[in-house]
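Before any comments, here is the structure.
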Ligand SMILES: [Zn+2]
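In our numbering, the protein residues as written are 30 to 457.
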């Protein structure tokens, strides 16, 4: 309790000195805050028009699904989508007490993301962990730290006669999709954090024979000879021609995608990545991929990536990070609506890592307006959320490693995986 100071208390000359000091200290603090505010580009107010997003009709959790008979698996990866990213998207779209579609999932886990040789991963090593159950070296894709190729969940599904697919908004030779079909070391240069163009060309070549039934996204430029307009290749290989010969129907527009009907469909909608608000939308591509894959009576495995959440995390652009998260959430709605109707489909929504070190900070200026601060323009090492719906979902509850996501999927799908196929560092 504060009693105040009575007149005549203490030494007046000292008091005056203390007041001066206090005034100087206050002035310094204010100056520091002003300097911080002016020079800190890392804090941003967000005011996004979310009219494009249709929120869930209610915020109740989806019910648990009895049993653990899994016919189909839809794995959805928000690249760079951390917990603060999801929270920020929620606040903008439905307010702080609302729920996104992914947040209505009844089972939630948290997954660690580190590669074998450091605390913060790149997308390749993390995709490898999720797709194959193996931790690997930063920058490696689909291989162990020794460079040994390891089989992915998509390859297991394919070999068990299931239909398989990948849907992304970046190019198909990018790290996350590559984790499901490619096997290369040195995709990302560790200290430059940039992509190795030679590895990227090789990944595109490995896509030709990966056997996935549906491949949708960008990246036409990695499939056509260097001499052709729009090519990013370093050689004259014509992978588009090879894929046609391998039986793929190739489509380059939404209209053509909706009509495509073959057993193998390759949709390339941009030379490199698709637009941040892509056409066809991620939601449309997801719905169409499910339609095409669901024709297989043995079931299917589909991976869908909200690729560009990560791009805007790197660029520290909060509004677009949130917009791409909400566009991804609409694709989640497609998947969960199918799964609820089907009853034997497991849907897992997670991230490969967080990007940007996003946090939601307080503000005395606008109490209800979203205020974001960034701590980096790169990935971070915090755990990422794992939202799960469908039969066997409870097996994903609790604290996980990203390699556990592969394990649980393989177990529930009934794929036989030898124990030796897992990294030694994994404890069970
Ligand atoms: Zn990533």
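Beta carbons: idealized from backbone N, C-alpha and C, even for Gly.
Taking C-alpha atoms, which residue in the options lies nearest to residue i?
i, options, result
"residue 228", "147, 208, 244, 245", "208"
"residue 138", "431, 441, 320", "431"
"residue 352", "110, 254, 274, 94", "110"
"residue 336", "268, 362, 383, 295", "383"
"residue 136", "310, 53, 423", "423"
"residue 197", "356, 393, 128, 118", "356"
"residue 395", "48, 74, 425", "74"
"residue 183", "171, 175, 176", "171"
"residue 417", "374, 403, 381", "374"
"residue 282", "313, 415, 265", "313"
"residue 95", "246, 324, 421", "421"
"residue 294", "192, 327, 359, 225", "192"
"residue 292", "104, 318, 205", "318"
"residue 316", "286, 279, 80", "286"
"residue 460", "348, 433, 446", "Residue 460 is absent from the model: the chain starts at 30 and stops at 457."
"residue 301", "249, 436, 364, 334", "249"
"residue 83", "363, 426, 393, 436", "363"
"residue 72", "391, 433, 271, 397", "391"
"residue 324", "190, 252, 434, 270", "190"
"residue 206", "243, 218, 284", "243"
"residue 224", "210, 240, 266, 203", "203"
"residue 201", "326, 178, 241", "241"
Taking the alpha-carbon positions, what's the residue i to residue j distance?
i, j, result
"residue 429", "residue 339", "22 Å"
"residue 235", "residue 212", "8 Å"
"residue 345", "residue 400", "13 Å"
"residue 102", "residue 378", "11 Å"
"residue 343", "residue 350", "9 Å"
"residue 55", "residue 199", "50 Å"
"residue 238", "residue 275", "8 Å"
"residue 264", "residue 380", "33 Å"
"residue 47", "residue 58", "16 Å"
"residue 127", "residue 354", "15 Å"
"residue 150", "residue 215", "13 Å"
"residue 194", "residue 147", "31 Å"
"residue 145", "residue 60", "44 Å"
"residue 68", "residue 159", "Residue placement at residue 68 cannot be trusted, given a pLDDT of 48 that sits under 50; the coordinates are not used to answer."
"residue 329", "residue 107", "20 Å"
"residue 76", "residue 118", "11 Å"
"residue 51", "residue 332", "60 Å"
"residue 41", "residue 121", "At residue 41, the pLDDT of 49 sits below 50, so the modelled position is not reliable and the matter cannot be decided from this model."
"residue 187", "residue 91", "30 Å"
"residue 255", "residue 296", "20 Å"
"residue 278", "residue 398", "48 Å"
"residue 412", "residue 425", "14 Å"
"residue 288", "residue 322", "14 Å"
"residue 269", "residue 80", "38 Å"
"residue 259", "residue 393", "50 Å"
"residue 93", "residue 419", "7 Å"
"residue 247", "residue 280", "11 Å"
"residue 365", "residue 320", "14 Å"
"residue 436", "residue 185", "12 Å"
"residue 261", "residue 210", "20 Å"
"residue 257", "residue 251", "11 Å"
Could you tell me if residue i is buried or exposed, where buried requires 16 or more neighbouring beta carbons within 10 angstroms of its beta carbon?
i, result
"residue 414", "buried"
"residue 438", "buried"
"residue 173", "buried"
"residue 358", "buried"
"residue 447", "exposed"
"residue 175", "exposed"
"residue 226", "exposed"
"residue 99", "buried"
"residue 298", "buried"
"residue 266", "buried"
"residue 427", "exposed"
"residue 290", "exposed"
"residue 334", "buried"
"residue 125", "exposed"
"residue 49", "exposed"
"residue 284", "exposed"
"residue 78", "exposed"
The segment 224-239 in contact with the segment 357-371 per 3-pair CB rule at 8 Å: no
Segment contact, 8 Å Cβ cut-off, at least three pairs: the segment 298-308 with the segment 160-173: no
Length at least 3, wholly inside the segment 51-134: the beta strand (DSSP E) runs in chain order: 72-74, 101-107
Touch test, the segment 110-128 against the segment 387-406, Cβ-Cβ under 8 Å, three pairs minimum: yes
Stretch-stretch touch, CB-based, cutoff 8 Å, three pairs: the segment 83-99 with the segment 140-154: no
Meets three-Cβ-pair contact criterion under 8 Å: the segment 145-165 and the segment 123-135: no
Three-pair Cβ contact test at 8 Å for the segment 401-408 versus the segment 430-444: no
Minimum length 3: unbroken beta strand (DSSP E) runs contained in the segment 185-218: 192-200
4 or more residues per run - each alpha helix (DSSP H) lying fully within the segment 395-453: 431-442
Beta strand (DSSP E) runs contained entirely in the segment 262-314, provided each spans 3 or more residues: 277-280, 293-297
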